[in-house]
Amino acid sequence: MLLKRVGLFVLPLLLLSGCQLTVLNPSGDIAAQQGDLIIYATILMLIVIVPVMVLTVFFALKYRASNKEAEYEPDWDHSVTLEVIVWSVPLAIIICLAGLTWVATHRLEPYDDLKRISVDQPIDPSVKPMEVQVVALDWKWLFIYPEYGIATVNEAAAIVDRPVEFKITSATVMNAFYIPEMAGMIYAMGGMETELNAVINAPGEFEGFSANYSGNGFSHMRFDFHALDQAGFDAWVEKVRDAPLALDQDAYVALEPQSTAHPVTYYSSVEEGIWDKILNMCAGDDDLCLNDMMMADALGGGGIEGLYNRELFRGLCAADDPQGLFDILRPDLADRRDEIIHAMLSDDTLLPSSKAQAN
Numbered sequence: 136m137l138l139k140r141v142g143l144f145v146l147p148l149l150l151l152s153g154c155q156l157t158v159l160n161p162s163g164d165i166a167a168q169q170g171d172l173i174i175y176a177t178i179l180m181l182i183v184i185v186p187v188m189v190l191t192v193f194f195a196l197k198y199r200a201s202n203k204e205a206e207y208e209p210d211w212d213h214s215v216t217l218e219v220i221v222w223s224v225p226l227a228i229i230i231c232l233a234g235l236t237w238v239a240t241h242r243l244e245p246y247d248d249l250k251r252i253s254v255d256q257p258i259d260p261s262v263k264p265m266e267v268q269v270v271a272l273d274w275k276w277l278f279i280y281p282e283y284g285i286a287t288v289n290e291a292a293a294i295v296d297r298p299v300e301f302k303i304t305s306a307t308v309m310n311a312f313y314i315p316e317m318a319g320m321i322y323a324m325g326g327m328e329t330e331l332n333a334v335i336n337a338p339g340e341f342e343g344f345s346a347n348y349s350g351n352g353f354s355h356m357r358f359d360f361h362a363l364d365q366a367g368f369d370a371w372v373e374k375v376r377d378a379p380l381a382l383d384q385d386a387y388v389a390l391e392p393q394s395t396a397h398p399v400t401y402y403s404s405v406e407e408g409i410w411d412k413i414l415n416m417c418a419g420d421d422d423l424c425l426n427d428m429m430m431a432d433a434l435g436g437g438g439i440e441g442l443y444n445r446e447l448f449r450g451l452c453a454a455d456d457p458q459g460l461f462d463i464l465r466p467d468l469a470d471r472r473d474e475i476i477h478a479m480l481s482d483d484t485l486l487p488s489s490k491a492q493a494n
């Protein structure tokens, strides 16, 4: 009987011995800070949990039916001392947890630029974060590197100790982007752009995956993440640039349908503006972009007028082409167009014709 009890106690420990505990021992500074937060919070909660577990065993042994020496006080019903302990200790822990979480949540805000590379390495202001545009598809990940003009499927890479700015969206249902070695997960949502700033501090090959169930191929929605030095990353970029494929609108439309265990794919070039089309869910020829739809709604909404505006303003966003929008809305002021647009825009955003007239 004793051997069985010892076996039941040891078996879970043996099973846990195969765990790598990546979350508590990651290779990225943001993930390391998040791991520390988990440890601190766990220690604070153990201040209550451990005494409760110990006292449970103590009371069960002391007041068991066979222990005739235990004090029996049937009229006892209240103790001020116990009430103070029972309420004050958990309250103090909750206050500490709230303060710890508040500070850490603001310090680790994923949309904020990194404040450091590691504990002993500050940010170099001259180093620009590497932008990586991430698209969650069914059931694969698309990575676009606008700085290098390349794209990959189910494989990503970054330079050790260089900040990375992930811009994340979904072409389908909500998903969650997660590289445990680098940072905590963040959601990817259709028609929205979320952001994650992080850094990897050690070279290696790590795994990223989807952390939100999204259908039949969810378990295969994984990718390889390479942490490389500058030379290694440059070599990786050149390997991608040697690929025969190009990520244009047609290639993306072909990639978008559902697929399971999709192989790693390289695209040597990326069509300009493809990210905005993906983000606005209008990569197809007949799709109406979300930003155009919102503008059409603002100009008339539903009904006949809304349908008219839907076609009239298809592919035209006021922020991208104020001159074209002005020509449609106020053709009677065409002779004063440049003057009015000049007054609307700052010097940094003047149209070429307006700058010429201003000069």
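So the mapping is simple: the numbering used here equals the position in the sequence shown, first residue as 1, plus 135.
Heads up, the beta-carbon is just placed ideally off N, CA and C, and yes, glycines get one too.
Rounded C-alpha distance that separates ASP212 from SER201 = Translated into the one-based positions of the sequence shown, residue 212 becomes position 77. Translated into the one-based positions of the sequence shown, residue 201 becomes position 66. When the Cα atoms are used, ASP212 and SER201 turn out to be separated by approximately 23 Å.
State the Cα-Cα distance for the pair THR418 and TRP410, rounded to the nearest angstrom.
-> Taking the first residue of the sequence shown as position 1, residue 418 is located at position 283. Taking the first residue of the sequence shown as position 1, residue 410 is located at position 275. Per the sequence shown, residue 418 should be read as Ala rather than Thr. C-alpha separation (whole angstroms): 9 Å.
Verify whether the separation of the beta carbon atoms of ALA166 and MET327 is less than 8 Å.
-> The residue you call residue 166 lines up with position 31 of the sequence shown. The residue you call residue 327 lines up with position 192 of the sequence shown. Result no, Cβ atoms of ALA166 and MET327 do not sit closer than 8 Å.
Separation of ARG251 from ARG297, as counted between CA atoms = Within the sequence shown, residue 297 is the residue found at index 162, counting from 1. Within the sequence shown, residue 251 is the residue found at index 116, counting from 1. Rounded to whole angstroms, ARG297 to ARG251 spans 10 Å at the Cα level.
Separation of THR329 from ALA346, as counted between CA atoms | Stepping through the sequence shown from its first residue, residue 346 is reached at position 211. Stepping through the sequence shown from its first residue, residue 329 is reached at position 194. Rounded to whole angstroms, the gap between the alpha carbons of ALA346 and THR329 is 15 Å.
What three-state label does DSSP hand ALA291 in the structure shown?
-> Numbered from 1 along the sequence shown, position 156 holds the residue referred to as residue 291. Note: ALA291 maps to strand in three-state DSSP.
In the region 172-258, which residue ranges form an unbroken beta strand (DSSP E) of at least 3 residues, counting only runs that do not cross its ends?
-> Taken in chain order, the complete beta strand (DSSP E) segments of 3 or more residues contained in the region 172-258 are 251-253.
On the premise that ALA386 lies in contact with LEU380, defined as a C-beta separation below 8 Å, what is that separation, rounded to the nearest angstrom?
-> Residue numbering aside, residue 380 sits at position 245 when the sequence shown is read from its first letter. Residue numbering aside, residue 386 sits at position 251 when the sequence shown is read from its first letter. Right, the Cβ-Cβ distance comes to about 6 Å (below 8 Å), so this counts as a contact.
Please go through the same chain and pick out, in chain order, the residues whose beta-carbon is closer than 6 Å to the beta-carbon of LYS275, but skip the five residues on each side of it.
-> The sequence position of residue 275 within the sequence shown is 140, counting from 1. Annotation for LYS275: VAL288, ASN289, HIS397 place their beta carbon closer than 6 Å to its own, counting only its chain and skipping 5 residues before and after.
Can you check DSSP and say which residues form a bridge with VAL405?
-> Working through the sequence shown from its first residue, we reach residue 405 at position 270. Beta-bridge annotation (DSSP): VAL405 is paired with LEU382.
Report yes if the C-beta distance between ASN336 and SER253 is below 8 Å; otherwise report no.
-> Mapped onto the sequence shown, residue 336 falls at position 201. Mapped onto the sequence shown, residue 253 falls at position 118. SER253 sits close to ASN336, with the two beta carbons spaced by under 8 Å.
Indicate whether GLU407 and LEU382 have their beta-carbon atoms separated by less than 8 Å.
-> As a position in the sequence shown, residue 407 is number 272, starting the count at 1. As a position in the sequence shown, residue 382 is number 247, starting the count at 1. No, the pair does not count as a contact, with Cβ atoms beyond the cut-off.
Unbroken stretches of the alpha helix (DSSP H), 4 residues or longer, contained in the region 335-383 | Along the length of the region 335-383, whole alpha helix (DSSP H) runs at least 4 residues long occupy 365-376, reported in chain order.
Short Cβ contact (8 Å threshold) for PHE368 with ILE314 = Indexing the sequence shown from 1 puts residue 368 at position 233. Indexing the sequence shown from 1 puts residue 314 at position 179. In this structure, ILE314 does not lie closer than 8 Å to PHE368 by Cβ.
Which value, in whole angstroms, describes the spacing of the CA atoms of ASP483 and THR395?
-> The residue you call residue 483 lines up with position 348 of the sequence shown. The residue you call residue 395 lines up with position 260 of the sequence shown. Low local confidence applies: a pLDDT of 46 at ASP483 is under 50, so the model's placement there is unreliable, and no value is given.
Residues near LEU485 by beta carbon distance below 6 Å, same chain, minus five either side | Your numbering for residue 485 matches position 350 in the sequence shown. Only weak support exists for where LEU485 lies, its pLDDT of 41 falling under 50; the coordinates are left without a value.
Cα-Cα separation, PHE341 to VAL372 | Numbered from its first residue, the sequence shown carries residue 341 at position 206. Numbered from its first residue, the sequence shown carries residue 372 at position 237. Cα to Cα, the separation comes out at about 18 Å.
From VAL238 to VAL187, what does the alpha carbon distance come to, in whole angstroms?
-> Working through the sequence shown from its first residue, we reach residue 238 at position 103. Working through the sequence shown from its first residue, we reach residue 187 at position 52. In this model, VAL238 and VAL187 are separated by some 28 Å (Cα to Cα).
Neighbour-count burial assignment, ASP427, 16 or more Cβ in a 10 Å radius | Translated into positions along the sequence shown, residue 427 becomes position 292. ASP427 is buried by the Cβ-count criterion.
Going by alpha carbons, who is nearest to LEU235 out of TYR175, PHE353, ILE182?
-> Start at 1 with the first residue of the sequence shown, and residue 235 comes out as number 100. Nearest option by C-alpha distance: TYR175.
Quick one: what's GLY325 bridged to in DSSP?
-> Locating residue 325 in the sequence shown gives position 190, where the first residue counts as 1. DSSP lists SER305 as partners of GLY325.
Backbone secondary structure at ASN426 - three-state DSSP | Taking the sequence shown and counting its residues from 1, one reaches residue 426 at position 291. Three-state result, ASN426: helix.
Classification of GLU402 by the beta-carbon crowding that lies within 10 angstroms, buried from 16 upward = Position 267 of the sequence shown, counted from the start, is the residue given in the question as residue 402. In the sequence on display, residue 402 carries Tyr and not Glu. Answer is buried; the Cβ neighbour count reaches 16.
Span of the beta strand (DSSP E), counted from its first residue to its last, around LEU272 = The residue given as residue 272 occupies position 137 in the sequence shown. Taken as a continuous stretch (DSSP letters only), the beta strand (DSSP E) holding LEU272 covers 265-272.
Apply the 10 Å Cβ neighbour rule to GLN502 and answer buried if 16 or more other Cβ atoms are within range, or exposed otherwise.
-> No information on residue 502 is available, as it lies outside the stretch 136 to 494 that the chain covers here.
Going by beta carbon distance, what residues of the same chain come within less than 8 Å of SER162, once the five residues before and after it are set aside?
-> One-based indexing of the sequence shown puts residue 162 at position 27. Cβ within range, chain order: GLU316, MET317, ILE335, ASN336, ALA337, GLY339, PHE341, ALA362.
Would you mind stating whether ILE321 and ILE303 have Cβ atoms separated by less than 8 Å?
-> In the sequence shown, residue 321 corresponds to position 186, counting from 1. In the sequence shown, residue 303 corresponds to position 168, counting from 1. Cβ atoms of ILE321 and ILE303: closer than 8 Å.
By a C-beta neighbour count over all protein chains shown, 10 Å radius and 16 as the cutoff for buried, is LEU226 buried or exposed?
-> What you label residue 226 is simply residue 91 of the sequence shown in a count that begins at 1. LEU226 should be labelled exposed.
Look up ALA396 in the DSSP assignment and say whether it is helix, strand or coil.
-> Position 261 of the sequence shown holds residue 396. Coil at ALA396, not helix or strand.
Within its chain, find whatever has a CB closer than 7 Å to the CB of ALA378; leave out the 5 residues flanking it on each side and keep chain order.
-> By one-based count along the sequence shown, residue 378 stands at place 243. The answer, listed in chain order, is TYR401, TYR402, SER403.
Paired residues, beta bridge with ALA333 - DSSP = For the purposes of this step, residue 333 is taken as the residue at position 198 of the sequence shown. VAL299.
Could you name the residues of the same chain whose beta carbon sits closer than 6 Å to that of ALA205, not counting the 5 residues immediately before and after it, in chain order?
-> Here residue 205 corresponds to residue number 70 of the sequence shown, with the count starting at 1. Excluding sequence positions up to five before and after ALA205, its CB lies within less than 6 Å of the CB of LYS197, TYR198, all in the same chain and listed in chain order.
Any idea if LEU414 is buried or exposed, counting beta-carbon neighbours within 10 angstroms, 16 or more meaning buried?
-> For this step, residue 414 is matched to residue 279 along the sequence shown. By the 10 Å Cβ count, LEU414 comes out buried.
For VAL399, the nearest candidate out of ASP421, HIS355, ASP432 (CA to CA) | Here the question's residue 399 lines up with position 264 in the sequence shown. Of the candidates ASP421, HIS355, ASP432, the one whose C-alpha sits nearest the C-alpha of VAL399 is HIS355.
If you draw a straight line from the C-alpha of LEU159 to the C-alpha of PHE194, how long is it?
-> The residue labelled residue 159 in the question sits at position 24 within the sequence shown. The residue labelled residue 194 in the question sits at position 59 within the sequence shown. Each residue's alpha carbon lies about 35 Å from the other.
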